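> So for the sequence shown, the working numbering puts the first residue at 18; every next one is plus one.
After the structure tokens below, expect a handful of questions from me.
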Amino acid sequence: MSLELLALVALLPILVALVLMVGMRWPATKAMPLSWLVCVLGAIGVWNLPAGYVTALTLQGIVTAIGVLIIVFGAIIILYTLQYSGGMETIQYGMQNVSRDKRIQAIIIGYMFAAFIEGAAGFGTPAALAAPLLLSLGFPPLAAAVICLVFNSFCVSFGAVGTPILIGLKFLAPLVKDAVTAGTPGLNFTDFGSFAKVIGQWATIMHGFMIVILPIFMLGFLTRFYGQNKSWSEGFKAWKFCVFAAVSFAVPYFIFAWFVGPEFPSLIGGLVGLGIIVAGAKRGFCVPEETWDFGPQSTWDPEWTGTIKTAAKTEFKAHMSQFKAWLPYILIGAILVVTRVPSLGLKGFLSAQKIPFDNILGFKGVSASIDYLYLPGTIPFTLVALLTILLHGMSGDAVKRAWSESFAKMKAPTIALFFAVALVSIFRGSGVADVALNPNNYPSMPLAMAKAVAALAGNAWPMLASYVGGLGAFITGSNTVSDLLFAEFQWGVAAQLELPRQIIVAAQVVGGAMGNMVCIHNIVAVCAVVGLAGREGMILKRTFWPFMLYGLVVGIIASLMCFVFLPNLF
18 MSLELLALVA LLPILVALVL MVGMRWPATK AMPLSWLVCV LGAIGVWNLP AGYVTALTLQ
78 GIVTAIGVLI IVFGAIIILY TLQYSGGMET IQYGMQNVSR DKRIQAIIIG YMFAAFIEGA
138 AGFGTPAALA APLLLSLGFP PLAAAVICLV FNSFCVSFGA VGTPILIGLK FLAPLVKDAV
198 TAGTPGLNFT DFGSFAKVIG QWATIMHGFM IVILPIFMLG FLTRFYGQNK SWSEGFKAWK
258 FCVFAAVSFA VPYFIFAWFV GPEFPSLIGG LVGLGIIVAG AKRGFCVPEE TWDFGPQSTW
318 DPEWTGTIKT AAKTEFKAHM SQFKAWLPYI LIGAILVVTR VPSLGLKGFL SAQKIPFDNI
378 LGFKGVSASI DYLYLPGTIP FTLVALLTIL LHGMSGDAVK RAWSESFAKM KAPTIALFFA
438 VALVSIFRGS GVADVALNPN NYPSMPLAMA KAVAALAGNA WPMLASYVGG LGAFITGSNT
498 VSDLLFAEFQ WGVAAQLELP RQIIVAAQVV GGAMGNMVCI HNIVAVCAVV GLAGREGMIL
558 KRTFWPFMLY GLVVGIIASL MCFVFLPNLF
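Below you can see the structure in the form of structure tokens.
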């Protein structure tokens, strides 16, 4: 079969997911099982892979998905524990009393607080948490949703303590090893960990410009489309505070990405930056002299509001001190540092604790494992959630409700992730170098697509790579799953075109992050919490252009890296 037809067959599962989830608005719980089935049919019917081997690959994907789900559960249990302990409302109370200027509130909450939540929890929680807070402060629901979705981008590559890179790129490990062994120029990594660190480093460079540009642009967008005077300049007048916030976030963000690893940039950047800009805002540092607001609600366009009216929101109350409310997040940061820095000794011990699944169903090399202690969902998330019960003096009923709701929330992501990651496992296992399993010696499904795309795109690919990552997040609802789905494809395109592979993979990681702006899952979640159910299309129209701008900037940077600054890498 020709390469073009193989590429088309490989593309079908992705097209099915796209049509079902976007065109027909199916939930991922229904769309991903069908996409997996299409992938299975292609693997058996076209690649001629044995049914038993495809089953083994599916089980391998499920084991991998369990690791991701442990992280998801840990993120959710922390969130619900803080909600039922009163800690989250206390944090929200502190946020609402910093400044009355809506531009400043948008930066503190939508930009910085959400970045910290992304670094700690990820998986769609920042926008869903920050948007209701902005709503309670007097933001139109539509404006709150758009602001939080767009700002949930530059921090996502390092969300949930680096999960998009550490888990999302795990299937690249053997490819990296083979390329290093073969002496590929520019690839001198000692192990996957050093490769992941370099990907994070290049990702910060690609995000770096938008960390500064995005807040200024979005404040202008806010005042132009939701202000009484319909003026871009009113938002731009807060540019000094935007730069102040960007620098406060970016300095620790870059330091931790370049000198520690991909676990901490957003978590520490958001936490440190939040403390700095809150202190600055209270003292009026870089804050515009005139306070800006949206104007009387009677003048608002009816499409800005939904079933939850801004005026109907109650004021938040403090149930404890701010230090006590923030203490669980402080503990998370401290435990992560202690368990992720190799020289402290715990990283090696924790990462060695695994539940192995070797040679699944007897197929050599089809293996996976669950690092049950090293996954952040276990330590620190679940551990800190248990400690918070004591720290916040939670009642038995509050604990029961927090854990019950957390388990209930796991149903949908469990179904979607099992089938999505199983699909990815079949993708990558389809090109096995074993004539008994791959009788036609076909390339893997991602490599078939990569070869076909490389022939069409040529050296324009660095301009397009991030949009593929964005498409993956748009379809799957996750930067991590986008990386699982497309990282090998991006590696293959880079290899075919002799481009620096780490630059193209970094563009994939950044694209998956910016895809959170247009991700259907995130949009639906935000619409639900601000009362805009059914308005998803309206929000998508507004987040589409920042998404395109982000991709354009990233494409230019990636192209410069490939052809101007780093030509010795290929």
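Don't be surprised by glycine CBs; every beta carbon is placed ideally from N, CA and C.
These numbers were taken from a predicted model, which means no experiment stands behind them.
In or out: residue 257 buried (at least 16 other Cβ within 10 Å) or exposed?
The sequence position of residue 257 within the sequence shown is 240, counting from 1. That one is exposed.
> Can you check DSSP and say which residues form a bridge with residue 503?
Position 486 of the sequence shown holds residue 503. Its beta-bridge partners do not exist; DSSP assigns none.
> Report all residues from its chain with a CB closer than 8 Å to the CB of residue 206; omit the five preceding and five following residues, and keep chain order.
Residue numbering aside, residue 206 sits at position 189 when the sequence shown is read from its first letter. Correct list, in chain order: 193, 197, 212, 215.
> Can you tell me where the beta strand (DSSP E) holding residue 374 begins and where it ends?
In the sequence shown, residue 374 corresponds to position 357, counting from 1. Counting along the chain, the beta strand (DSSP E) containing residue 374 begins and ends at 372–374.
> Thinking residue 174 and residue 527 are a contact (beta carbons under 8 Å), I'd like their distance in whole angstroms, please.
Along the sequence shown, one-based indexing puts residue 174 at 157. Along the sequence shown, one-based indexing puts residue 527 at 510. Their Cβ separation, rounded to whole angstroms, is 6 Å, which keeps residue 174 and residue 527 in contact under 8 Å.
> Mind pulling the alpha helix (DSSP H) runs of 4 or more residues that sit fully within the stretch 444–479?
Counting only runs of 4 or more, we get 462–474.
> Look at residue 468 and residue 66 and say whether their C-beta atoms are less than 9 Å apart.
Taking the first residue of the sequence shown as position 1, residue 468 is located at position 451. Taking the first residue of the sequence shown as position 1, residue 66 is located at position 49. No, the pair does not count as a contact, with Cβ atoms beyond the cut-off.
> Please return the same chain residues whose Cβ sits closer than 6 Å to the Cβ of residue 133, not counting the five positions on each side in sequence.
Sequence index remark: in the sequence shown, residue 133 carries index 116 (1-based). Result list for residue 133: 287, 288, 291, in chain order.
> Pairs of beta-carbons, one from the stretch 35–43 and one from the stretch 337–350, closer than 8 Å: are there three or more?
The stretch 35–43 vs the stretch 337–350: no contact.
> Residue 20 by DSSP, collapsed to three states: which one?
Along the sequence shown, read from residue 1 onward, the residue named residue 20 stands at position 3. Three-state DSSP puts residue 20 in a helix.
> Where does residue 412 sit, in a helix, a strand or coil, going by DSSP?
Residue mapping note: residue 412 aligns to position 395 of the sequence shown, counting from 1. Here residue 412 sits in coil by DSSP.
> Flag this pair as yes or no: are the beta carbons of residue 92 and residue 435 separated by less than 9 Å?
Taking the first residue of the sequence shown as position 1, residue 92 is located at position 75. Taking the first residue of the sequence shown as position 1, residue 435 is located at position 418. No; because the gap between Cβ atoms is not below 9 Å, this pair is not in contact.
> Quick one: give me the first and last residue of the alpha helix (DSSP H) that residue 102 is part of.
Mapped onto the sequence shown, residue 102 falls at position 85. Note, residue 102: alpha helix (DSSP H), 68–102.
> Below 8 Å on the Cβ atoms is my guess for residue 139 versus residue 500; work out the distance and round it to an integer in Å.
To locate residue 139, count along the sequence shown from 1; it is residue 122. To locate residue 500, count along the sequence shown from 1; it is residue 483. Rounded, the Cβ-Cβ distance is 13 Å, inconsistent with contact.
> State the Cα-Cα distance for the pair residue 79 and residue 31, rounded to the nearest angstrom.
In the sequence shown, counting from the first residue as 1, residue 79 sits at position 62. In the sequence shown, counting from the first residue as 1, residue 31 sits at position 14. If you take the alpha carbons of residue 79 and residue 31, they lie about 19 Å apart.
> Return the CA-CA distance between residue 573 and residue 209, expressed in angstroms with no decimal places.
Taking the sequence shown and counting its residues from 1, the one referred to as residue 573 is at position 556. Taking the sequence shown and counting its residues from 1, the one referred to as residue 209 is at position 192. The alpha-carbon atoms of residue 573 and residue 209 are separated by roughly 27 Å.
> Does the Cβ of residue 360 have 16 or more other Cβ atoms within 10 Å, making it buried, or fewer, making it exposed?
One-based indexing of the sequence shown puts residue 360 at position 343. So residue 360 ends up on the exposed side.
> Count the CB pairs spanning the stretch 514–525 and the stretch 541–561 that are closer than 8 Å, and state whether there are at least three.
Segments in contact, no.
> Assign residue 121 to one of three DSSP states: helix, strand, or coil.
The residue labelled residue 121 in the question sits at position 104 within the sequence shown. In the structure shown, residue 121 sits in a helix (DSSP, three-state: H, G or I).
> With a floor of 4 residues, list each alpha helix (DSSP H) that falls wholly inside the stretch 167–237, ordered by position along the chain.
Here the runs fully enclosed are 176–183, 190–198.
> Am I right that residue 281 and residue 273 are in contact with their C-beta atoms under 8 Å? What's the rounded C-beta distance?
Within the sequence shown, the letter at position 264 stands for residue 281. Within the sequence shown, the letter at position 256 stands for residue 273. Sure, about 4 Å apart at Cβ, within 8 Å.
> Only counting the same chain, and skipping five residues up and downstream in sequence, which positions put a Cβ closer than 6 Å to that of residue 266?
Locating residue 266 in the sequence shown gives position 249, counting from the first residue. Counting only Cβ-Cβ distances below 6 Å, and skipping sequence neighbours, we find 286, 290.
> Taking residue 260 and residue 295 to be in contact with their CB atoms under 8 Å, please state how far apart those CB atoms are, rounded to whole angstroms.
On the sequence shown, residue 260 is found 243 positions in, with the first residue counted as 1. On the sequence shown, residue 295 is found 278 positions in, with the first residue counted as 1. Not confirmed; about 16 Å, so no contact.
> In angstroms with no decimal places, state the Cα-to-Cα distance between residue 234 and residue 70.
Here residue 234 refers to the residue found at position 217 of the sequence shown. Here residue 70 refers to the residue found at position 53 of the sequence shown. Looking at the two C-alpha atoms, the distance is approximately 50 Å.
> Using CA coordinates, which residue listed in 72, 159, 104, 336 is at the minimum distance from residue 380?
In the sequence shown, counting from the first residue as 1, residue 380 sits at position 363. The residue with the shortest Cα to Cα distance from residue 380 is 72.
> Could you name the residues that DSSP lists as bridge partners for residue 385?
Working through the sequence shown from its first residue, we reach residue 385 at position 368. Answer by DSSP bridge pairing, in chain order: 374.
> Answer yes if the stretch 384–395 comes into contact with the stretch 309–326, meaning at least three C-beta pairs across the two stretches below 8 Å, and no otherwise.
The stretch 309–326 is not in contact with the stretch 384–395.
> In whole angstroms, what separates the C-alpha of residue 89 from that of residue 109?
Position 72 of the sequence shown, counted from the first residue, corresponds to residue 89. Position 92 of the sequence shown, counted from the first residue, corresponds to residue 109. Distance between the alpha carbons of residue 89 and residue 109 is about 23 Å.
> What number of angstroms, rounded off, separates the C-alpha of residue 352 from the C-alpha of residue 364?
As a working mapping, residue 352 is identified with position 335 in the sequence shown. As a working mapping, residue 364 is identified with position 347 in the sequence shown. Going from the Cα of residue 352 to the Cα of residue 364 covers about 11 Å.
> Would you identify the three-state DSSP class for residue 305, choosing helix, strand or coil?
Counting from one through the sequence shown, the residue named residue 305 turns up at place 288. In the structure shown, residue 305 sits in coil (DSSP, three-state: anything other than H, G, I, E or B).
> Should residue 178 and residue 137 be called a contact, given that it needs their Cβ atoms to be closer than 9 Å?
Here residue 178 corresponds to residue number 161 of the sequence shown, with the count starting at 1. Here residue 137 corresponds to residue number 120 of the sequence shown, with the count starting at 1. Cβ distance < 9 Å, so residue 178 and residue 137 count as in contact.
> In angstroms with no decimal places, state the Cα-to-Cα distance between residue 166 and residue 28.
If you number the sequence shown from 1, residue 166 lands on position 149. If you number the sequence shown from 1, residue 28 lands on position 11. Using only the alpha carbons, I get a separation of about 28 Å.
> Evaluate residue 127 with the Cβ neighbour count: other Cβ atoms within 10 Å of its Cβ, from every protein chain shown; 16 or more gives buried, anything less gives exposed.
In the sequence shown, counting from the first residue as 1, residue 127 sits at position 110. Buried, because 16 or more other Cβ atoms sit within 10 Å of the Cβ of residue 127.
> Just how far apart, CA to CA, sit residue 336 and residue 482?
Translated into the one-based positions of the sequence shown, residue 336 becomes position 319. Translated into the one-based positions of the sequence shown, residue 482 becomes position 465. Each residue's alpha carbon lies about 47 Å from the other.
> Kindly indicate which residue of 575, 533, 459, 473 has the alpha-carbon position closest to the one of residue 23.
The residue you call residue 23 lines up with position 6 of the sequence shown. Taking only the C-alpha atoms, the option nearest residue 23 is 459.
> Contact between the stretch 113–127 and the stretch 417–431: three or more CB pairs below 8 Å?
At 8 Å Cβ cutoff, the stretches do not touch.
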